[in-house]
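Everything on this sheet refers to the single structure shown next.
Protein chains in written order, with the working numbering: chain A, 1 to 321; chain B, 322 to 576.
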């Protein structure tokens, strides 16, 4: 069987009047790949997804889904995709069962198959016992699970997942992650947009970072991290941590920035070994004990911050443009 | 020249119709009993009618055709201007826009729910005429065709107005009422078109309600301004125009 990319985007441009939302972006997503699409708010993520799902048309350029041009062969392209939007867009006045069946009808799932699939998915997502309850009584996590179940009712080859676990309870979070992992193992292509960069780091084969309508970087998370080896850090904890120590630690030689998170300090540097020595001296002079210390390479978040032109100031991130 | 696969086309059509029907059923379940639809679709035409009928010395039974006409106008065009802005607000409308169906099926499915609602509601004045006032129906098939076409025409009008990209029901309703309210005065519902001034008569030709009401009058009295065939053709033309316009507006506003 001929190999086909799940998504192929070529020189996509989208303009809204004088504003260029997407500026000639090109990328592809292989079949079975989990692809993360990251970017700050307003970077062009939603516009890209709206074009890839055929809701909006590009000003120029092309996008294909399993070889079907999304603009000219929209219905065939959509038939192979499942869409799970950020907003848990379920019909509150319908029961979980009715929501599922309606979704299956929209995707032309045959009658017998739709009932079988609905039963199966509601069970997987822990909603089968509540299948006859209207969705307006569901918790945020339950609605999210139902949204994902609705997105899978047509057994899609490509799943668009927008912020799948944002703000969810632990149970929903675990169920959703398990289901996505299972889908990936079955060869389903996942196009993931998320603000949770650690989630993208853990789940994605490759990520693209989009900023101001341009693709700033596209690669495997580990390879992206290697591009900014200069952003390394050490993380440690004293037996007695205080916020007052942060300013003093920031002033240690070779420290570029310092953060305090919980009972740990994180110092950014290009030379971790020198900074470890300095921390030990600091601990000794202040009669403190170092109870844990770890050196860390750059995180995907560091890459994201570097490429999107954001800057860490203290514990928060600011735009520098 | 690309070849046409009749089997594939039939399957596609069946899928599109089935999805349109699913959209209509979803709207029936969710919106038929919503208070603002009951007010706009049932109470509004009733009170509007009573306000004008009270001053007339005509026997109540003769007012039934007019009541049916304005009931069809208001009830058919009331569902989508409520349901679509609400669904935009809760983002469920995106589900329909991204489903593997054509925009024509979406517009058709949305219109279908208004159409069926309106047919059901219009049976009330019809039954009132038959049971309470013994209003005779001269031509029942024409009445049925008139009700079907008028209802579908105004359901499509409601879907067309709901294309305006707002999440606010009131905004769509206000725009729609600036069209619906004048229609009842220029379409021969309360004042016969022949009694209207020249300019009014000319404007009446541009109102789909003129042709729906004309057919309903014909069904009850055997008299009409146009032939039922002319009314049917013109109502079909209005339906086609509204469907195409709605399709284009949904595409344009989703950019």
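Where is the CB? At the ideal position from N, CA and C, for every residue including glycine.
Out of the options, point me to the one whose CA is closest to residue i's CA.
i	options	result
residue 90(A)	180(A), 148(A), 77(A)	148(A)
residue 228(A)	304(A), 264(A), 181(A), 252(A)	304(A)
residue 439(B)	400(B), 428(B), 417(B)	400(B)
residue 211(A)	27(A), 41(A), 82(A), 26(A)	41(A)
residue 343(A)	293(A), 122(A), 241(A)	Residue coverage of chain A in this structure runs from 1 to 321, which leaves residue 343(A) outside it and unanswerable.
residue 556(B)	574(B), 535(B), 542(B)	535(B)
residue 389(B)	353(B), 338(B), 404(B), 469(B)	469(B)
residue 322(A)	166(A), 161(A), 198(A), 197(A)	Because residue 322(A) is not part of the residues shown, which for chain A are 1 to 321, the question remains open.
residue 263(A)	292(A), 165(A), 29(A)	292(A)
residue 543(B)	500(B), 558(B), 460(B), 504(B)	460(B)
residue 447(B)	415(B), 500(B), 402(B), 391(B)	391(B)
residue 382(B)	337(B), 360(B), 453(B)	453(B)
residue 445(B)	548(B), 507(B), 364(B)	364(B)
residue 21(A)	306(A), 5(A), 27(A), 58(A)	58(A)
residue 253(A)	266(A), 275(A), 109(A), 26(A)	275(A)
residue 525(B)	506(B), 496(B), 334(B)	506(B)
residue 495(B)	403(B), 334(B), 516(B)	403(B)
residue 200(A)	71(A), 182(A), 213(A), 163(A)	163(A)
residue 296(A)	113(A), 278(A), 271(A)	271(A)
residue 559(B)	540(B), 517(B), 477(B), 522(B)	477(B)
residue 333(B)	109(A), 278(A), 28(A), 6(A)	109(A)
Does the Cβ of residue i lie closer than 6 Å to at least one heavy atom of the ligand COA?
i	result
residue 106(A)	Although the ligand COA was asked about, the structure shown includes no ligands whatsoever.
Within this structure, are the beta carbons of residue i and residue j separated by less than 7 Å?
i	j	result
residue 510(B)	residue 387(B)	yes
residue 473(B)	residue 398(B)	no
residue 256(A)	residue 288(A)	no
residue 8(A)	residue 189(A)	no
residue 340(B)	residue 422(B)	yes
residue 184(A)	residue 100(A)	no
residue 159(A)	residue 82(A)	yes
residue 514(B)	residue 464(B)	no
residue 197(A)	residue 86(A)	no
residue 551(B)	residue 428(B)	no
residue 165(A)	residue 176(A)	yes
residue 66(A)	residue 347(B)	no
residue 261(A)	residue 250(A)	no
residue 434(B)	residue 337(B)	no
residue 77(A)	residue 130(A)	no
residue 11(A)	residue 54(A)	no
residue 225(A)	residue 298(A)	yes
residue 144(A)	residue 88(A)	yes
residue 217(A)	residue 106(A)	no
residue 362(B)	residue 396(B)	yes
residue 56(A)	residue 576(B)	yes
Since residue i and residue j should fall inside the 8 Å C-beta cutoff, what is the C-beta to C-beta distance between them, to a whole number of angstroms?
i	j	result
residue 409(B)	residue 538(B)	Not confirmed; about 39 Å, so no contact.
residue 134(A)	residue 92(A)	7 Å
residue 63(A)	residue 51(A)	6 Å
residue 456(B)	residue 385(B)	5 Å
residue 432(B)	residue 471(B)	With 8 Å as the limit, residue 432(B) and residue 471(B) do not qualify as a contact, their Cβ atoms being about 13 Å apart.
residue 151(A)	residue 84(A)	4 Å
residue 318(B)	residue 371(B)	Within the shown structure, residues of chain B are numbered from 322 to 576, placing residue 318(B) beyond reach of any answer.
residue 344(B)	residue 417(B)	7 Å
residue 490(B)	residue 553(B)	At roughly 33 Å, the Cβ-Cβ gap does not stay under 8 Å, so residue 490(B) and residue 553(B) are not in contact.
residue 25(A)	residue 215(A)	5 Å
residue 117(A)	residue 104(A)	7 Å
Counting beta carbon pairs with one atom in the segment 188-208 of chain A and one in the segment 217-225 of chain A, are three or more of them shorter than 8 Å? Enough Cβ pairs lie closer than 8 Å, so yes.
Compile a chain-ordered list of the residues in the segment 89-116 of chain A whose CB is closer than 8 Å to at least one CB of chain B. Within the segment 89-116 of chain A, the residues whose Cβ lies closer than 8 Å to some Cβ of chain B are 89, 90, 91, 92, 93, 94, 98, 102, 103, 105, 106, 107, 108, listed in chain order.
Are the segment 15-23 of chain A and the segment 160-176 of chain A in contact at 8 Å, needing three or more beta carbon pairs? Segments in contact, no.
What are the residues in the segment 403-421 of chain B lying within 8 Å of chain A by C-beta distance? Only those residues of the segment 403-421 of chain B whose C-beta falls short of 8 Å from the nearest C-beta of chain A are listed: 411, 412, 413, 415, 416, 417, 418, 419, 420, 421.
Would you list, in chain order, the members of the segment 332-345 of chain B that have their beta-carbon closer than 7 Å to a beta-carbon of chain A? Shown in chain order are the members of the segment 332-345 of chain B whose Cβ falls below 7 Å from a Cβ of chain A: 336, 339, 340, 343.
Does the contact criterion of 3 or more C-beta pairs under 8 Å hold for the segment 481-488 of chain B versus the segment 559-575 of chain B? Result yes; three or more Cβ-Cβ pairs closer than 8 Å.
Would the segment 514-532 of chain B and the segment 427-442 of chain B be scored as touching if the rule is three or more Cβ pairs under 8 Å? As far as the Cβ criterion goes, the segment 514-532 of chain B does not touch the segment 427-442 of chain B, which means the pair count is below three.
Touching or not, the segment 185-194 of chain A and the segment 20-39 of chain A, by the rule of three or more beta carbon pairs under 8 Å? Cβ pair count under 8 Å is three or more, so yes.
Just by C-beta distance, which residues in the segment 75-90 of chain A are closer than 7 Å to chain B? Contacts with chain B (Cβ-Cβ distance below 7 Å) from the segment 75-90 of chain A involve 75, 78, 79, 83, 85, 87, 89, listed in chain order.
With three or more beta-carbon pairs closer than 8 Å as the criterion, would you say the segment 366-380 of chain B touches the segment 329-336 of chain B? Contact between the segment 366-380 of chain B and the segment 329-336 of chain B is not established, with fewer than three Cβ pairs separated by less than 8 Å.
How do the segment 231-243 of chain A and the segment 42-56 of chain A stand: do at least 3 beta-carbon pairs fall below 8 Å, yes or no? The segment 42-56 of chain A and the segment 231-243 of chain A do not touch, with fewer than three beta-carbon pairs separated by less than 8 Å.
When the Cβ atoms of the segment 275-286 of chain A are set against those of the segment 245-256 of chain A, are three or more pairs found closer than 8 Å? Yes, the segment 275-286 of chain A is in contact with the segment 245-256 of chain A.
Along the segment 27-55 of chain A, what residues have a CB closer than 9 Å to any CB found in chain B? Going along the segment 27-55 of chain A in chain order, one finds 50, 53, 54, 55 with a Cβ nearer than 9 Å to chain B.
Which residues of the segment 418-442 of chain B have a Cβ closer than 8 Å to any Cβ of chain A? Give them in chain order. Going along the segment 418-442 of chain B in chain order, one finds 418, 419, 420, 421, 422, 423 with a Cβ nearer than 8 Å to chain A.
Identify each residue in the segment 155-188 of chain A for which the Cβ-Cβ distance to at least one residue of chain B is less than 8 Å, and report them in chain order. Result list empty, no residue passes.
Can you pull out the residues from the segment 344-359 of chain B whose beta carbon lies closer than 7 Å to at least one beta carbon of chain A? For the segment 344-359 of chain B, which is checked against every Cβ of chain A, the residues closer than 7 Å are 347, 350, 351.
Residues in the segment 56-69 of chain A with C-beta within 9 Å of chain B's C-beta atoms, listed in sequence order? Hits within the stretch, in order: 56, 57.
Note down, in chain order, all residues in the segment 489-502 of chain B with a beta-carbon under 8 Å from any beta-carbon belonging to chain A. Those would be none; no residue qualifies.
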